[in-house]
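*Asks:* Top line first, the protein sequences correspond to chains R and H. Just so you know, we're using the working numbering here: the first sequence kicks off at 1 and counts up by one. Just so you know, we're using the working numbering here: the second sequence kicks off at 1 and counts up by one. Think of the CB as a built atom: it goes at the ideal place given N, C-alpha and C, for glycine as much as any other residue. Please read these numbers as outputs of a predicted model, since none were measured by experiment.
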Amino acid sequence: MALDRWIALIFVTFCCVYGYAAFFTMDQLLPPFMQRNPVWPSTFPKVLAVAGLIVGLIVLFGVEKPDDAEGEPDATDINYRNLSEYKTGQALMLLGLMVLYALMLRPAGFLISTTVFLVAGSAILGERKFHIMIPVAMLATGFVWYLVQEVLGIFLRPFPFFMGM
Amino acid sequence: MLEGIFIGLEAAFSVKNILMVVAGCLIGTFIGMLPGLGPMSIIAIMIPVAITLGDPAAALILLAGVYYGAIFGGSTSSILLNAPGVAGTVATSFDGYPMARKGQAGKALTIAAVASFAGGTIGAILLMIFAPALSSVALLFHSAEYFALMVVGLSAIAAFAGTGQVAKALMMTILGLILATVGEGALFNMPRFTMGMLDLQSGISFITLAMAMFALPEAMFLVLNPARGASNAEGGSSKITNLRFSREEGKAMMPVIGRQSIQGFFIGVLPGAGATIASFLGYAVERNLAKGEEQAEFGKGSVKGLAAPETANNAACTGSFVPLLTLGIPGSGTTAILLGALIALNVTPGPRLMTDTPEIFWAVIISMFIGNLVLLVLNLPLIPYIAKILSIPRNYLIPFILFFTLMGAYIGQNNATELLMLVGLGVMATIFRFADYPLAPLLIGFILGTMLEDNFARSMQLYRGLDFIMQRPMTLGLLILAAFLVLLPSYRSRRARKRAEGVADGD
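1) Let me see if you follow: with CB-CB separation under 7 Å, is Val50 (chain R) close to chain H or not?
2) Return the residue from the list H:Ala252, H:Leu481 and H:Met474 that minimises the CA-CA distance to Leu306 (chain H).
3) Quick one: Cα of Asn288 (chain H) to Cα of Ile111 (chain H), how far?
4) Between which two residues does the alpha helix (DSSP H) containing Thr115 (chain R) stretch?
5) In whole angstroms, what separates the C-alpha of Phe537 (chain H) from that of Ala44 (chain H)?
6) Quick one: residues in its chain with C-beta nearer than 8 Å to the C-beta of Pro158 (chain R), no 5 flanking neighbours on either side, listed in chain order?
7) Determine the DSSP secondary structure at Arg192 (chain H), reduced to helix, strand or coil.
8) Would Met163 (chain R) pass as an interface residue toward chain H - the criterion being a Cβ-Cβ separation below 7 Å?
9) Taking DSSP as the reference, what is the three-state secondary structure of Glu184 (chain H)?
10) Quick one: Cα of Ile257 (chain H) to Cα of Asp55 (chain H), how far?
11) So Glu453 (chain H) contacts chain R; which residues on that side make the cut at Cβ distance below 7 Å?
12) Measuring CB to CB, does Ala169 (chain H) end up less than 7 Å from Glu64 (chain R)?
13) Identify the contact partners of Thr88 (chain R) in chain H, using a Cβ-Cβ distance below 7 Å as the criterion.
14) Give me the chain H residues within the contact set of Phe11 (chain R), using Cβ-Cβ distance strictly less than 8 Å, ordered along the chain.
15) With DSSP run on the structure shown, which of helix, strand or coil describes Lys87 (chain R)?
16) Say the cut is 6 Å; is the CB of Leu425 (chain H) nearer than that to a heavy atom of the ligand ADP?
17) Once you ignore the five residues that flank Pro217 (chain H) on each side, which residues in its own chain have a CB closer than 6 Å to its CB?
18) Is it true that the CB of Ser122 (chain R) sits closer than 7 Å to the CB of Pro399 (chain H)?
19) Please classify Thr25 (chain R): is it buried, with 16 or more other beta-carbons within 10 angstroms of its beta-carbon, or exposed?
20) Give me the chain H residues within the contact set of Asp27 (chain R), using Cβ-Cβ distance strictly less than 9 Å, ordered along the chain.
21) Assign Asp95 (chain H) to one of three DSSP states: helix, strand, or coil.
22) Indicate whether the contact test is met: 3 or more Cβ pairs, each with one atom in the segment 406–424 of chain H and one in the segment 9–28 of chain R, closer than 8 Å.
23) Can you find a CB in chain R that lies within less than 7 Å of the CB of Tyr68 (chain H)?
24) By the criterion of Cβ-Cβ separation under 7 Å, what are the contact partners of Val427 (chain H) in chain R?
25) What residue does the alpha helix (DSSP H) around Arg259 (chain H) start on, and which one ends it?
26) Give the range of the alpha helix (DSSP H) segment to which Val47 (chain R) is assigned.
27) Just checking: is the beta-carbon of Ile178 (chain H) within a distance shorter than 7 Å of some beta-carbon in chain R?
28) Select from H:Leu479, H:Leu443, H:Gly465 and H:Asp199 the residue whose C-alpha is nearest the C-alpha of Ala215 (chain H).
29) Apart from the five residues on each side of it in sequence, which residues of its chain come closer than 7 Å, Cβ to Cβ, to Ala341 (chain H)?
30) Determine, using beta-carbon pairs with one atom in the segment 401–417 of chain H and one in the segment 171–181 of chain H, whether at least three such pairs fall under 8 Å.
31) For a test of the three-state rule: what should DSSP assign to Glu70 (chain R), helix, strand or coil?
32) For Val90 (chain H) and Thr276 (chain H), I'd like the C-alpha separation in whole angstroms.
33) Would you call the segment 400–409 of chain H in contact with the segment 94–108 of chain H, where contact means no fewer than 3 C-beta pairs closer than 8 Å?
34) Measure the C-alpha to C-alpha separation of Pro38 (chain R) and Val17 (chain R) and round it to an integer number of angstroms.
35) Measuring only the C-alpha atoms, how far is Leu100 (chain R) from Ala158 (chain H)?
36) What residues in the segment 394–410 of chain H have a beta carbon less than 8 Å from any beta carbon of chain R?
In structure tokens:
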């Protein structure tokens, strides 16, 4: 089964769960006075669940035939069937780095976590000229922090939590 | 109308707003040249900045400038390096790049600049003429019609997705609508589908979703396949010598520019069509209209082939502002993001925008003229220097793109959980792109979702049920149109296939 059909299958399952929540769990919580309303909080989700189920099944069973005269795929596009030919490792490591950044942003402070993120990101991509990358990352971090915190007035904790800021 | 134009002139010509236009165009051009950051991502990145400005007119002017700049920046990298940074400028590279390789890079850039300027300016004139008319029609709309109109808009977006893609686009739209039901809506005052998570109480932030749908997958694609952004190595040193085009070429271009400004504008007005379709269609139409030698020239550096998509995509960008400003319905992913920004600034776009806050409405239109002029001035002398940004090594570029994506989501909410959601949704969006699912309908569905439900609930309450569909003929008509739009493409492709089979049998 092609990937787009797997996605449709997951979507259909998701719609079932969503529909179950809308049809069977939401209305019990409704206060009595709201039950006299013609429209309930669950009304729209019910409609969506049913519509999603129908459309999901259409994609799943390939009712709509794809166009045969499709143009040739772009050379720079990605064919997921040969994922091993691409730099999948780098992409996964970068995603991991982003998660790490999200977790470290508060405790480690903006300046340290961002500099580390930028340097580590370029290191993952194969950059080895750290004498250039580290100053560039520090400069950019400082500039963005100044712009966001001082110019735009949005609070960004600059230093680690134990430094009291 | 004249009074409104003067109010707009006054607002647009304030020093602050002119600075906004110039800054927006500059930022848009620079970032638009980077492969992977289209107008949608750039606008999403700029939203926190725009919201902080506080002044809706200035914010919208800034974002509109960024929008034009991004489309324009995309064409410079298409022409010089055959690396279209934006989908709307892919057609530009068909003839622009061959021209640049023939050593006429300067001429190609000049033609692109002039064509974009003409397309944008004529588009703005058409916007001035048609927007008030459209908005007076829109005043007749009640919540029932709004509900139906949004259904039409969502179906049109799915219907324009292309043959064989309609069901997938509809699926994405519904997923967007489902995501919009998460959180505590204003209508019912009760949390829905939050799974007990406090962070979901206020729903999913649209900036996070926008970043996750567009910027993150594109960055991931750049990482996965280095060839995607690496085409800058070869053509970088093209000589930019002669900036002029001949009188004959100018004469040949004139009718193309005229036709494509009008065609592009009206395609831009249609919800879901937008600059990409306008540019491809413009190119196709002009190639069909050209005869003999001229037609053979297409794809090898034809003046007409370059002018057509450039004019059409800029005119379409202007056209897409019509439904946004007059009906509050975004016709494309980009205008959907703009709509989100407007709502965040406490402005509700729609028929009342023109009467309640004419200074915003007209200032935006006037600033389109200024923006186009700024772009022309900017493009001609600066191009050789600007193009150098593309030679930033990808090892430096990609971490910065990712960092700006994360920042965009973080600044709006100041909540680190938002970043985890961004990564999760981004992975989901990347998988969707692998499987060739269109992502713009998801975002449009998400943004329209709340409004759609509000209007639906309001009409249900007014008519005590679904009677509003029968009692309001316009609502019924619009809903029938929506069904027609969804069913038409599959009916036509089925008929075409049957006919093809018939021909095969006949042989």
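*Replies:* On the basis of the data shown:
1) False, the Cβ-Cβ gap to chain H never drops below 7 Å.
2) The residue from H:Ala252, H:Leu481 and H:Met474 with its alpha-carbon nearest to that of Leu306 (chain H) is H:Ala252.
3) Asn288 (chain H) and Ile111 (chain H): Cα-Cα distance of roughly 21 Å.
4) From DSSP, the alpha helix (DSSP H) with Thr115 (chain R) extends over Phe110 to Ile124.
5) Here chain H has residues from 1 to 507 only, and residue 537 (chain H) is not among them.
6) Answer for Pro158 (chain R): Gly109, Phe110, Leu111, Trp145, Gln149 and Met165, listed in chain order.
7) Under the three-state reduction of DSSP, Arg192 (chain H) is assigned to strand.
8) For Met163 (chain R), the answer is no, since every Cβ of chain H falls outside 7 Å of its Cβ.
9) Here Glu184 (chain H) carries a strand assignment [DSSP, helix/strand/coil].
10) A straight line joining the alpha-carbon of Ile257 (chain H) with that of Asp55 (chain H) spans about 35 Å.
11) Within 7 Å Cβ-Cβ: Phe44.
12) Contact: no.
13) Ordered by position in chain H, the residues that pass the 7 Å Cβ test against Thr88 (chain R) are Leu224.
14) In chain order: Met171 and Leu175.
15) It is coil, neither helix nor strand.
16) In the structure on display, the ligand ADP does not appear, and there are no ligands present to speak of.
17) Counting only Cβ-Cβ distances below 6 Å, and skipping sequence neighbours, we find Ala429, Thr430 and Arg433.
18) Yes, these two residues count as a Cβ contact at 7 Å.
19) Thr25 (chain R) comes out exposed.
20) Going along chain H, no residue has its Cβ under 9 Å from Asp27 (chain R), so there is no contact; the nearest lies around 11 Å.
21) DSSP, read as helix, strand or coil, puts Asp95 (chain H) in helix.
22) With the cut-off at 8 Å, the segment 406–424 of chain H and the segment 9–28 of chain R do not touch.
23) Chain R contact via Cβ: absent.
24) Neighbours of Val427 (chain H) across chain R, judged by C-beta separation under 7 Å: Leu95.
25) Arg247 to Val269 is the extent of the alpha helix (DSSP H) around Arg259 (chain H).
26) From DSSP, the alpha helix (DSSP H) with Val47 (chain R) extends over Thr43 to Leu60.
27) For Ile178 (chain H), the answer is yes, since a Cβ of chain R falls inside 7 Å of its Cβ.
28) Taking Ala215 (chain H) as reference, the option from H:Leu479, H:Leu443, H:Gly465 and H:Asp199 with the minimal CA-CA separation is H:Leu443.
29) Excluding residues within five positions, the ones whose Cβ falls inside 7 Å are Ile47, Ala50, Ile51, Ala59 and Leu63.
30) No, they do not touch.
31) Because Glu70 (chain R) sits at a pLDDT of 46, beneath the cut-off of 50, its placement in the model cannot be relied upon, and the point is left open.
32) The C-alpha of Thr276 (chain H) is placed about 8 Å away from the C-alpha of Val90 (chain H).
33) By the Cβ test, the segment 400–409 of chain H is not in contact with the segment 94–108 of chain H, since fewer than three Cβ pairs between them sit closer than 8 Å.
34) A straight-line Cα-Cα distance of about 24 Å links Pro38 (chain R) and Val17 (chain R).
35) Cα-Cα distance, rounded: 37 Å.
36) From the segment 394–410 of chain H, only Arg394, Asn395, Tyr396, Ile398, Pro399, Phe400, Leu402, Phe403, Leu406, Met407 and Tyr410 have a Cβ closer than 8 Å to chain R.
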